[in-house]
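Structure first, commentary second.
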Amino acid sequence: MKKYKFHVSGTHCASCKILIEDILGEQDFVKNPQVDLKKEIVEIETESEKNADELAEILTSKIKQNGYTLSVEKVILEKKDDVIWTAVPIGLVFLALFFLLQKSGFLNLGIGGQTTPQASFIIGLIASVSSCLAIVGGLVLSLSAKIEQDDKENTKKPFILFHLGRLLSFGILGGVLGLIGEAVGINFVFSSILGIIASTVMILLGLNLVGVFKKSTLTLPSHLFSFFRKVEHATWAPLFVGIGTFFLPCGFTQSMQVAALSSGTFTSGFLIMLAFALGTLPMLALLSFGSASFAHSKHAPLFFKVAGVVVIGLGIFALLAGLAGLGIINPLFNI
Amino acid sequence: MNKTALAIVTLGLVVFMGVIFMGGSGSGSVQNVEIKNGIQYIKIDAKGGYSPKVSTAKAGIPTKLIVATNGTFDCSASLVIHSVNFQKILPQTGETEIDIGIPKAGEPFSGVCGMGMYGFKINFEN
Chain A
23 MKKYKFHVSG
33 THCASCKILI
43 EDILGEQDFV
53 KNPQVDLKKE
63 IVEIETESEK
73 NADELAEILT
83 SKIKQNGYTL
93 SVEKVILEKK
103 DDVIWTAVPI
113 GLVFLALFFL
123 LQKSGFLNLG
133 IGGQTTPQAS
143 FIIGLIASVS
153 SCLAIVGGLV
163 LSLSAKIEQD
173 DKENTKKPFI
183 LFHLGRLLSF
193 GILGGVLGLI
203 GEAVGINFVF
213 SSILGIIAST
223 VMILLGLNLV
233 GVFKKSTLTL
243 PSHLFSFFRK
253 VEHATWAPLF
263 VGIGTFFLPC
273 GFTQSMQVAA
283 LSSGTFTSGF
293 LIMLAFALGT
303 LPMLALLSFG
313 SASFAHSKHA
323 PLFFKVAGVV
333 VIGLGIFALL
343 AGLAGLGIIN
353 PLFNI
Chain B
2 MNKTALAIVT
12 LGLVVFMGVI
22 FMGGSGSGSV
32 QNVEIKNGIQ
42 YIKIDAKGGY
52 SPKVSTAKAG
62 IPTKLIVATN
72 GTFDCSASLV
82 IHSVNFQKIL
92 PQTGETEIDI
102 GIPKAGEPFS
112 GVCGMGMYGF
122 KINFEN
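Residue numbers (the working numbering), protein chains in the order written: chain A, 23 to 357; chain B, 2 to 127.
In structure tokens, the structure reads:
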């Protein structure tokens, strides 16, 4: 009987200990598995002739689907420290380029005349690289990266649902706006508050992606955590987030909503909003499916951190802007 | 790459972003205030932000704000002025007149776009 010690990664909750011990205990060659969450160490006893590397590989294959990995050497932690040093400047470069683009005024090209579906498609294209991206794009990026980080298997379903929800809700709600006409207005306060909630979620997810919460997640009450996991993994959740983006604060979206309002019929409102949402689709699809493919490449650890930095930056920007929009603070930016 | 180099790059980027954010686009004083028939009109262009960002006008006379849009689809079209409880999504092209009463000297007046990225300010003097 020999004793082996492995480093484990992916443990984020108190119940992880029980789960890993259960799964490892089911293997007939493993005796007395012990998980130390604080040190992120798994100890087992075995009579197997295999060496430590082989054992780590075999056992990892059993618990991989739950998001855990065993390794002989504690490589991940050291590597992570280096990755963050690279990730921060890369993330900042993206942020700087994005804000520079806003400042350039390049996106303010006017589109005159009637708001036709063709025009709203082009406006959608512009909007998707504008500061609207700060909130919708940031949300897409943070959610996709988070889903990818949690679920190791390659699934595209949440993203398809999200985009489907966004397209459908824009079309249908646009149609409804066209139908009821001037009777309603989109409430600024409502959308500002929604924007603040969204940006808070973005900042939290961003911090999570960067790895700041790695230790503190252990203290999060496990039932609360499992609630979040349930929401995150529920099949309908991405669909509703997609629908929710209709109400997020974005000047372009609001202008389009007004255009839909004044268009007079369900069909015209539907077409205007749908065309607008289609215009924003290429960029947003790139963000979500792009992050999916990055997450499965060898650059995954770097990608998650860079995404985290970008999302935090956009989240802070959106949060401050949202507060300014409500009149709580002065507008900070001259963009 | 070593950490020191990366730290310097990071610092440089932070400064650069600060410049992007804080750098005012130094648009000098524009003649945008006009008094006609005892009413003061202040004209602000709304497109990709508000211009001029800071205006100076006279206090103590009835004042109206004219916000002009011209193919404006971005945030600046959704205007919020908290002090007079005004919030509206402006027409894509056109002029919107907003009555702001009789302003008092030394009480700056400010408007902001719905998402809070752009703002403008008017100082009133005697």
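Every residue, glycine too, gets a C-beta built ideally from N, C-alpha and C.
Predicted, not measured: the structure shown is a model, and the values here were computed from it.
Asn-71, Gly-72, Thr-73, Phe-74, Asp-75, Cys-76, Ser-77, Ala-78, Ser-79, Val-81: these are the residues of the segment 66-81 of chain B whose beta carbon lies less than 9 Å from some beta carbon of chain A, given in chain order. Excluding five sequence positions before and after Leu-46 (chain A), the CB atoms of its chain that fall closer than 8 Å to its own CB belong to Val-52, Pro-55, Val-64, Ile-66, Leu-81, Lys-84, Ile-85, given in chain order. By the neighbour-count criterion, in which a residue is buried when 16 or more other Cβ atoms sit within 10 angstroms of its Cβ, Met-224 (chain A) is buried. Setting aside the 5 residues that flank it on each side, Gly-115 (chain B) is surrounded in the same chain by Cys-76, Ser-79, Leu-80, Val-81, Gln-88, Ile-90, each with a C-beta closer than 8 Å to its C-beta; the list follows chain order. Going by DSSP, Gln-56 (chain A) is part of the beta strand (DSSP E) stretching over 52-58. Not a single unbroken stretch of the alpha helix (DSSP H) spanning 4 or more residues falls wholly within the segment 51-112 of chain B. A direct Cα-to-Cα measurement between Lys-122 (chain B) and Ile-40 (chain A) gives close to 60 Å.
Residue-level contact check: Gly-337 (chain A) does not touch chain B, since none of the beta carbons of chain B fall below 7 Å from its beta carbon. Look at the beta carbons and you see the segment 257-274 of chain A touching the segment 143-163 of chain A: at least three pairs across the two are nearer than 8 Å.
Taken through DSSP and simplified to helix, strand or coil, Cys-272 (chain A) comes out as coil. Nearest CB-CB separation between Phe-17 (chain B) and chain A: below the 7 Å threshold. For the pair Lys-327 (chain A) and Val-105 (chain A), the CB atoms are nearer than the 7 Å cut-off. For Ile-218 (chain A), the closest alpha carbon among the candidates A:Val-333, A:Gly-291, A:Leu-345 is that of A:Leu-345. Pairing Gly-337 (chain A) with Phe-292 (chain A), the inter-Cα distance amounts to about 30 Å.
If you look at His-185 (chain A), you'll find it in the alpha helix (DSSP H) that goes 179-202. Considering only beta carbons, the part of the segment 320-349 of chain A lying closer than 9 Å to chain B consists of Gly-335, Phe-339, Ala-340, Leu-342, Ala-343, Gly-344, Leu-345, Ala-346, Gly-347, Leu-348, Gly-349, in chain order.
Residues of chain A with a Cβ closer than 7 Å to the Cβ of Val-10 (chain B) are, in chain order, Pro-111.
Contact annotation: the segment 94-105 of chain B does not touch the segment 293-306 of chain A, with fewer than three C-beta pairs closer than 8 Å.
Taken in chain order, the members of the segment 140-160 of chain A whose beta-carbon sits within less than 7 Å of a beta-carbon on chain B are Ile-145, Ser-152, Ser-153. DSSP, reduced to helix, strand and coil, places Leu-348 (chain A) outside both helices and strands of the structure shown, so it counts as coil. In terms of Cα proximity to Ser-284 (chain A), the closest of A:Phe-181, A:Gly-200, A:Phe-116, A:Phe-325 is A:Gly-200.
Counting along the chain, the unbroken alpha helix (DSSP H) around Asn-230 (chain A) starts and ends at 210-232. Per DSSP, the continuous beta strand (DSSP E) segment holding Val-34 (chain B) begins and ends at 34-37. Taking 7 Å as the cut-off, the Cβ atoms of Leu-66 (chain B) and Ile-36 (chain B) do not count as close. Rounded to the nearest whole angstrom, the CA to CA distance from Gly-32 (chain A) to Glu-95 (chain A) is 15 Å.
Pairing Phe-192 (chain A) with Ala-299 (chain A) gives a Cβ-Cβ distance under 7 Å.
Against Ser-290 (chain A), chain B offers no close residue; the least beta-carbon distance is about 15 Å (beta-carbon pairs closer than 9 Å). Within the same chain, Leu-161, Leu-165, Phe-184, Gly-187 come within 8 Å of Val-263 (chain A) by CB-CB distance, once the 5 residues on both sides are set aside.
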